[in-house]
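S.K.:
Protein chains: 2
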Amino acid sequence: MEITFILSQMKLNHLQIEIDGIDKQILRDLMEDARKPILQIANKIGISGAAIHQRLRKLEQAGVISGSKFVVNTKVLGYSTMAFVGIYLDKAARNPEAVRELKKIPEVLECHYTTGNWSILIKIICRDNEHLMQLLNKKIQAIDGVSRTETFISLDQQIERQIQL
Amino acid sequence: MEITFILSQMKLNHLQIEIDGIDKQILRDLMEDARKPILQIANKIGISGAAIHQRLRKLEQAGVISGSKFVVNTKVLGYSTMAFVGIYLDKAARNPEAVRELKKIPEVLECHYTTGNWSILIKIICRDNEHLMQLLNKKIQAIDGVSRTETFISLDQQIERQIQL
DNA sequence: ATTGAAATATGTTCGTA
DNA sequence: TACGAACATATTTCAAT
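Put into structure tokens, the structure is as follows:
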């Protein structure tokens with residue numbers, strides 16, 4: 040009986056984070072522009088800046104907000120080629136080791152353990168096809184345990200967004 | 040001779056965006072926390088706040104900075120399942136139409152035209168496996184032109200980052 | 001490109017409802 | 001929760017180098 044109580048409390052903490060309409064409006068604005076002034080949001084919604092401030096503190100403490108980022112335009116910096124690479128590892132036990140190596144490669148932006156054919160799926164960014172080829176042949180294929188890779192070059196990214204509240 | 044001049048100017052505008060070490064330090068800080076006060080960065084680097092401000096203006100005008108975002112923790116909001124879905128379209132001509140439909144599905148976070156087997160690769164986020172199944176069967180498979188899909192569920196994302204400067 | 005200082009704008013705290 | 005007012009910080013501008 041005590042255990043079921045504790046479990047129900049855990050559920051409350053983990054699942055019942057109340058995000059009302061005002062929270063959503065605040066988050067929607069800030070997800071689009073992390074530097075948008077609180078007062079602008081406040082005026083739009085029709086509550087005080089102090090209220091927004093309180094809600095943001097609540098959302099941060101609840102862990103709803105993970106942080107904020109400046110987004111840099113990789114194309115302007117000369118990175119024109121994005122690709123996904125499915126990686127086959129010959130032994131599952133080598134996975135953590137392989138991931139450790141992948142973390143050392145700055146061009147690797149994402150790395151997922153996945154269901155399906157591959158052990159790992161990564162997203163990478165390269166200056167051009169030449170850079171991509173070097174990366175695959177010299178760095179990724181060189182990782183111990185990597186037996187084969189399948190590369191999918193992103194010819195054009197049509198959607199890039201966060202979850203919609 | 041005039042044309043070569045114009046071309047060299049275009050190259051200057053598009054490729055020779057000078058990002059020096061100070062720019063990189065500023066961007067590195069703000070990519071980690073978009074709300075980090077300029078003065079803190081200024082003190083760390085050892086130049087004035089006004090100088091940082093000027094450089095940020097320059098970087099914005101050059102298009103290096105695409106914006107800033109608040110990052111929300113999707114897991115806390117109850118979205119525990121991320122997946123990649125490779126989509127086969129029966130006719131390439133249907134691609135733009137299919138992408139238009141995908142844009143209407145809020146769970147679709149990314150969408151890429153790709154080389155390789157599929158026409159399109161998307162990244163999606165779902166509450167749970169049930170939600171994922173509904174999304175695939177009722178919404179994605181229902182799009183006109185979609186002949187087949189291959190789904191890769193992300194069991195664990197080990198790397199999530201931006202380009203390293 | 002950079003600075004310091006002034007002017008403006010924004011964020012934060014707090015007593016109260 | 002929300003408010004407004006007081007307070008503390010941050011940003012932007014600007015003349016000068």
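One line per chain: the protein sequences are S and R, in this order. Take the first sequence: its letter number 131 is residue 170 in the working numbering, and every next letter is one higher. Take the second sequence: its letter number 121 is residue 160 in the working numbering, and every next letter is one higher. For every residue, glycine included, the Cβ atom is placed at its ideal position computed from N, Cα and C. Quantities reported herein were computed from a predicted structural model and do not represent experimental measurements.
Quick one: which chain S residues come within Cβ less than 7 Å of Asp183 of chain R?
M.R.: Result: empty, since nearest Cβ-Cβ is about 17 Å, beyond 7 Å.
S.K.: Would you mind stating whether Val124 of chain R and Thr190 of chain R have Cβ atoms separated by less than 8 Å?
M.R.: Going by C-beta atoms, Val124 of chain R is nearer than 8 Å to Thr190 of chain R.
S.K.: Below 8 Å between beta carbons: does that hold for Ser107 of chain R and Arg94 of chain S?
M.R.: no
S.K.: Any beta carbon of chain R sitting closer than 8 Å to that of Thr120 of chain S?
M.R.: no
S.K.: Count the C-beta pairs between the region 139-150 of chain S and the region 191-201 of chain S that are closer than 8 Å, then say yes if the count reaches three, no if not.
M.R.: no
S.K.: Between which residues of its own chain and Asn156 of chain R is the CB-CB distance below 7 Å, once the five residues before and five after are set aside?
M.R.: Gly125
S.K.: Are Ile161 of chain S and Leu141 of chain S touching if we call contact CB-CB under 8 Å?
M.R.: yes
S.K.: By the three-class DSSP mapping on this structure, what secondary structure does Ile202 of chain S have?
M.R.: coil
S.K.: To the nearest angstrom, how far is it from the Cα of Gln79 of chain R to the Cα of Arg67 of chain R?
M.R.: 13 Å
S.K.: So which residues of chain R does Met70 of chain S contact, with C-beta pairs closer than 9 Å?
M.R.: The answer, in chain order, is Lys108, Phe109, Val110, Val111.
S.K.: Tell me which residues of the region 123-156 of chain S have at least one Cβ-Cβ distance to chain R shorter than 7 Å, keeping chain order.
M.R.: Phe123, Val138, Leu141, Lys142, Pro145, Val147, Leu148, Glu149, Cys150, His151, Tyr152, Thr153, Thr154, Gly155
S.K.: On the three-state DSSP scale, how would you describe Val103 of chain R?
M.R.: coil
S.K.: Run through the DSSP bridge pairs and tell me what Gln196 of chain S is partnered with.
M.R.: Beta-bridge annotation (DSSP): Gln196 of chain S is paired with R:His151.
S.K.: For Arg187 of chain S, which of helix, strand or coil comes out of DSSP?
M.R.: strand
S.K.: Does the beta-carbon of Ser186 of chain S have 16 or more other beta-carbons within 10 angstroms, so that it is buried, or is it exposed?
M.R.: Residue environment for Ser186 of chain S: exposed (fewer than 16 other C-beta atoms within 10 angstroms of its C-beta).
S.K.: Mapping DSSP to helix, strand and coil, what is Glu57 of chain R?
M.R.: Note: Glu57 of chain R maps to coil in three-state DSSP.
S.K.: Do Tyr118 of chain R and Ile65 of chain R have their C-beta atoms within less than 8 Å of each other?
M.R.: no
S.K.: For Asp167 of chain S, which of S:Phe109, S:Ile84, S:Ile56, S:Thr120 has the nearest alpha-carbon?
M.R.: Checking every option, the nearest Cα to that of Asp167 of chain S belongs to S:Thr120.
S.K.: Compare the C-alpha of Glu136 of chain S against each of S:Ala89, S:Asn82, S:Val115, S:Ile179 and name the closest.
M.R.: Here the closest residue by C-alpha is S:Ile179.
S.K.: Spatial neighbours of Phe44 of chain R within its chain, please: CB distance less than 8 Å, with the 5 preceding and 5 following residues excluded, ordered by chain position.
M.R.: Low confidence applies here, because Phe44 of chain R scores a pLDDT of 36, under 50, leaving its location unreliable; read the following figure in that light. No residues qualify anywhere along the chain.
S.K.: Here's the rule: buried if 16 or more other CB atoms are within 10 angstroms of the residue's CB, otherwise exposed. What is Ser158 of chain R?
M.R.: buried
S.K.: Tell me which residues of the region 69-99 of chain R have at least one Cβ-Cβ distance to chain S shorter than 8 Å, keeping chain order.
M.R.: Leu69, Met70, Glu71, Asp72, Ala73, Arg74
S.K.: Report yes if the C-beta distance between Ile56 of chain S and Ala90 of chain S is below 8 Å; otherwise report no.
M.R.: no
S.K.: Going by the beta-carbon positions, is the gap between Ile61 of chain R and Ile77 of chain R smaller than 8 Å?
M.R.: no
S.K.: With 16 other CB atoms within 10 Å as the buried threshold, where does Thr154 of chain S fall?
M.R.: exposed
S.K.: Between which residues of its own chain and Gly184 of chain R is the CB-CB distance below 7 Å, once the five residues before and five after are set aside?
M.R.: Leu128, Asp129, Lys130, Arg133, Glu136, Ala137
S.K.: Let me check understanding here. Comparing Cα to Cα, which of R:His170, R:Ala122, R:Glu169 lies closest to Glu149 of chain S?
M.R.: R:Ala122
S.K.: For Phe109 of chain S versus Ile202 of chain R, is the C-beta spacing smaller than 8 Å?
M.R.: Not closer than 8 Å, so no.
S.K.: Just how far apart, CA to CA, sit Val272 of chain S and Lys97 of chain R?
M.R.: There is simply no residue 272 of chain S to check, as chain S begins at 40 and stops at 204 in what is shown.
S.K.: With 8 Å set as the bound, which would you pick, yes or no: does the beta-carbon of Leu175 of chain R sit closer than that to a beta-carbon of chain S?
M.R.: no
S.K.: Grab me the residues of Gly88 of chain R's own chain with a C-beta within less than 8 Å of its C-beta, minus the 5 sequence neighbours each way, in chain order.
M.R.: Ile77, Leu78, Ala81
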